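Q:
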């Protein structure tokens with residue numbers, strides 16, 4: 003489906019496009035933001051997909067993440083999908099901030115009533131990039147895509163990278179939910195979308211489980227976690243479990259950094275945004 | 003009055019402090035944010051005061067202005083005062099977004115009922131810096147202060163600089179209300195706070211009028227205005243009037259830049275924040 007352009011905003015020498023389209027995956031309208039860096043109109047630029055965390059829309063990171071400063075300098079576009087379908091009007095959809103609207107967890111739901119609309123894995127990995135490259139193919143290079151994200155979006159970035167070898171050139175994550183099968187957020191979401199007793203299915207959407215079966219030698223991953231992050235302290239993120247699995251599987255290339263005192267907010271994201279753009283740039287440029 | 007610290011947030015290697023204190027100028031509690039860059043504890047850093055625009059609190063620019071990246075690098079603290087007293091509970095105080103709460107215009111009101119609380123000029127130029135330097139005197143250098151701001155805050159920065167020779171080392175502004183006596187926002191605010199028929203008083207708070215009487219040869223000022231800014235197009239900002247007055251007065255040092263396509267938002271502010279920090283750094287470091 004073609005995109006409606008709701009706004010075109012000059013920022014950091016490029017343009018932030020606020021777009022909307024009808025999604026066949028979610029059967030709802032979907033908002034998406036696209037940052038186009040200031041480059042020659044004859045040269046195609048690579049794309050970094052940023053997956054947002056619980057409760058977020060495409061606006062939060064566009065306004066407060068400050069990826070555009072570094073993306074402008076590097077010549078990389080940034081694509082911000084939404085975190086769930088909106089307005090599907092399912093029972094209970096907006097009762098919790100960590101399940102339903104704003105909390106799609108980047109999986110294809112198999113359980114009723116969610117399965118009809120909550121097809122975020124298909125949307126983010128296939129439908130959205132295909133539509134974006136069809137519409138902006140003169141500006142964007144479909145062969146050079148990396149993925150990153152924050153919290154639930156860090157989980158999304160890591161799992162979609164590991165499930166789709168070759169689709170993304172690199173991956174990174176800020177405060178990712180690294181072992182969702184073993185934390186309250188993940189148990190609630192996977193139980194609801196994939197089935198309470200379907201732990202084998204859960205494992206297919208869990209970075210710590212997926213890395214154990216990684217066929218390649220390397221995962222080009224940068225991960226930052228703040229030591230002052232209350233969700234980290236509460237055991238929602240569990241990056242140590244991922245680190246242990248990476249080590250035991252003999253996978254190289256995964257760098258996990260613990261950033262002293264940083265919390266879970268956009269003050270943390272914006273501080274390290276440039277590092278994550280530079281990490282992607284190593285593989286995209 | 004001493005400050006209560008409501009939050010201490012790690013960002014860009016430094017700390018953002020969310021503070022609150024009882025103001026004797028406004029006779030209300032006042033929120034204020036202070037960004038402390040990452041520097042040696044034995045070395046004092048200079049301070050850049052950022053005055054926000056209509057409707058803003060200290061939070062908006064702290065979250066979306068992106069000053070901290072450049073301030074961290076330069077070793078400059080950033081102080082974010084609020085834009086008005088809050089909770090004074092005056093009749094009509096919250097009826098308009100461009101007058102009353104969130105719209106103090108950095109003047110000392112002389113008209114009832116505003117005069118009791120709306121003493122923002124005294125608060126920003128005297129009480130707040132005195133309190134900040136008393137409390138953080140081991141980290142901040144009271145002898146090195148510059149001022150900047152956006153929209154109504156750009157008006158504040160320019161007028162407070164011009165009214166207080168020697169108090170600030172430099173001034174800058176993003177999309178400032180440059181000739182408030184001649185625009186709808188300014189006429190409404192000055193009429194309400196200073197009196198409808200008091201145009202002589204208005205002139206004492208109007209950068210375009212003040213620069214005509216500037217005793218020095220130079221005003222070290224950087225001003226950015228977006229050509230896509232609807233408020234600029236509507237004649238609320240009038241930077242050309244200021245440019246004309248500067249030229250006629252023979253004042254040197256004022257650089258006005260028109261940034262193509264940029265709007266009035268934080269997407270504009272954040273893009274040029276680094277330039278404004280660097281401008282201040284030339285005079286502060």
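Chains as they are written, first to last, in the working numbering: chain A, 3 to 287; chain B, 3 to 287.
Ideal placement from N, C-alpha and C gives every residue a C-beta, glycine not left out.
Owing to the predicted nature of the structure, the values given are computational and were not obtained by experimental measurement.
(1) Spatial neighbours of residue 27/A within its chain, please: CB distance less than 7 Å, with the 5 preceding and 5 following residues excluded, ordered by chain position.
(2) Residue 261/B and residue 228/B look like a contact to me (Cβ under 8 Å); what is the Cβ gap, rounded to whole Å?
(3) Where do the ends of the alpha helix (DSSP H) carrying residue 132/B lie?
(4) Between the Cα of residue 154/B and those of 72/B, 244/B, 73/B, 54/B, spot the shortest distance and give me the residue it belongs to.
(5) Taking only heavy atoms of the ligand ZN into account, decide whether any of them is closer than 7 Å to the Cβ of residue 189/A.
(6) In its own chain, which residues sit with a C-beta less than 6 Å from the C-beta of residue 33/A, not counting the 5 before and 5 after it?
(7) Helix, strand or coil: which one does DSSP assign to residue 37/A?
(8) Pull up the DSSP beta-bridge partners for residue 110/A, would you.
(9) For residue 14/A, go through chain B and note every residue whose CB falls closer than 7 Å to its CB, in chain order.
(10) Could you name the residues of the same chain whose beta carbon sits closer than 6 Å to that of residue 282/B, not counting the 5 residues immediately before and after it, in chain order?
(11) Could you give the DSSP three-state label for residue 80/A: helix, strand or coil?
(12) For residue 48/B, name the three-state secondary structure that DSSP assigns.
(13) Counting C-beta neighbours from all protein chains within 10 Å, is the total for residue 117/B 16 or more, i.e. buried, or is it exposed?
(14) Compute the Euclidean distance between the alpha carbons of residue 74/A and residue 240/B, then round it to the nearest angstrom.
(15) Determine, using beta carbons only, whether residue 66/B comes closer than 8 Å to chain A.
(16) Any beta-carbon of chain B closer than 8 Å to the one on residue 225/A?
(17) Since residue 223/A is in the beta strand (DSSP E), which residue starts that stretch and which ends it?
(18) Using beta-carbon positions only, say whether residue 48/A and residue 143/A come within less than 8 Å of one another.
(19) If you measure from the beta carbon of residue 11/B to each beta carbon in chain A, is any gap under 8 Å?
(20) Skipping 5 residues on each side, what residues in its chain have a beta carbon closer than 6 Å to that of residue 277/B?
(21) Closer than 7 Å by C-beta to residue 170/B: which residues in its own chain qualify, once you throw out the five before and the five after it? Chain order, please.
(22) Using 10 angstroms around the beta-carbon of residue 141/B, count the other beta-carbons present and answer buried if the total reaches 16, otherwise exposed.
(23) Can you confirm whether residue 55/B, when its beta carbon is compared against all beta carbons of chain A, has any partner nearer than 8 Å?
(24) Tell me which same chain residues have a C-beta within less than 8 Å of the C-beta of residue 114/B, skipping the five on either side of it?
(25) When the Cα of residue 251/A is compared with those of 183/A, 70/A, 209/A, which residue comes out closest?
(26) Out of 136/B, 132/B, 215/B, 270/B, state which residue places its alpha-carbon closest to the alpha-carbon of residue 167/B.
(27) Where are the beta strand (DSSP E) runs, 3 residues long or more, that stay fully inside the segment 152 to 231 of chain B, in chain order?
(28) Rounded to whole angstroms, what is the Cα-Cα separation between residue 110/A and residue 58/A?
(29) Hey, would you say residue 204/A sits closer than 8 Å to residue 196/A, going by beta carbons?
A: According to the data block:
(1) A distance below 7 Å between beta-carbons, with the five flanking residues on each side excluded, links residue 27/A to the following residues of its chain, in chain order: 121, 124, 125, 129.
(2) About 5 Å; that satisfies the 8 Å criterion.
(3) Here the alpha helix (DSSP H) through residue 132/B covers 130 to 137.
(4) Of 72/B, 244/B, 73/B, 54/B, the smallest CA-CA separation from residue 154/B is found for 54/B.
(5) Within the structure as shown, the ligand ZN is missing, as the structure has no ligands at all.
(6) Closer than 6 Å at Cβ, skipping near neighbours: 22, 60, 84.
(7) Under the three-state reduction of DSSP, residue 37/A is assigned to strand.
(8) Paired residues: 121/A.
(9) In chain order: 273.
(10) Within the same chain, and ignoring the five residues on either side of residue 282/B in sequence, the residues whose Cβ sits closer than 6 Å to its Cβ are 50, 148, 172.
(11) It is a strand residue.
(12) Residue 48/B falls in the strand class under three-state DSSP.
(13) Using a 10 angstroms sphere on the CB of residue 117/B, the tally of other CB atoms stays under 16, which defines it as exposed.
(14) A straight line joining the alpha-carbon of residue 74/A with that of residue 240/B spans about 30 Å.
(15) Taking Cβ atoms only, chain A reaches closer than 8 Å to residue 66/B, which makes this a yes.
(16) So no, residue 225/A is outside the interface.
(17) Residues 220 to 228.
(18) Residue 48/A places its beta carbon less than 8 Å from that of residue 143/A.
(19) Yes, residue 11/B counts as interfacial toward chain A.
(20) Counting only Cβ-Cβ distances below 6 Å, and skipping sequence neighbours, we find nothing.
(21) Non-local beta-carbon contacts of residue 170/B in its own chain, meaning distances under 7 Å to residues more than five positions away in sequence, involve 147, 148, 149, 163 in chain order.
(22) With 16 or more neighbouring CB atoms inside 10 Å of its own CB, residue 141/B falls in the buried class.
(23) Under the Cβ distance rule, residue 55/B does not count among the residues neighbouring chain A, no pair being separated by less than 8 Å.
(24) In the same chain as residue 114/B, and ignoring 5 residues on each side of it, no C-beta atom comes closer than 8 Å to its own.
(25) In this structure, 209/A is the residue among 183/A, 70/A, 209/A with its C-alpha nearest to the C-alpha of residue 251/A.
(26) The shortest Cα separation from residue 167/B among 136/B, 132/B, 215/B, 270/B belongs to 215/B.
(27) With a minimum length of 3 residues, the continuous beta strand (DSSP E) runs that stay inside the segment 152 to 231 of chain B are 173 to 176, 220 to 228.
(28) Rounded to the nearest angstrom, the two C-alpha atoms are 19 Å apart.
(29) With respect to the 8 Å criterion, residue 204/A and residue 196/A are classified as neighbours on the basis of their beta carbons.
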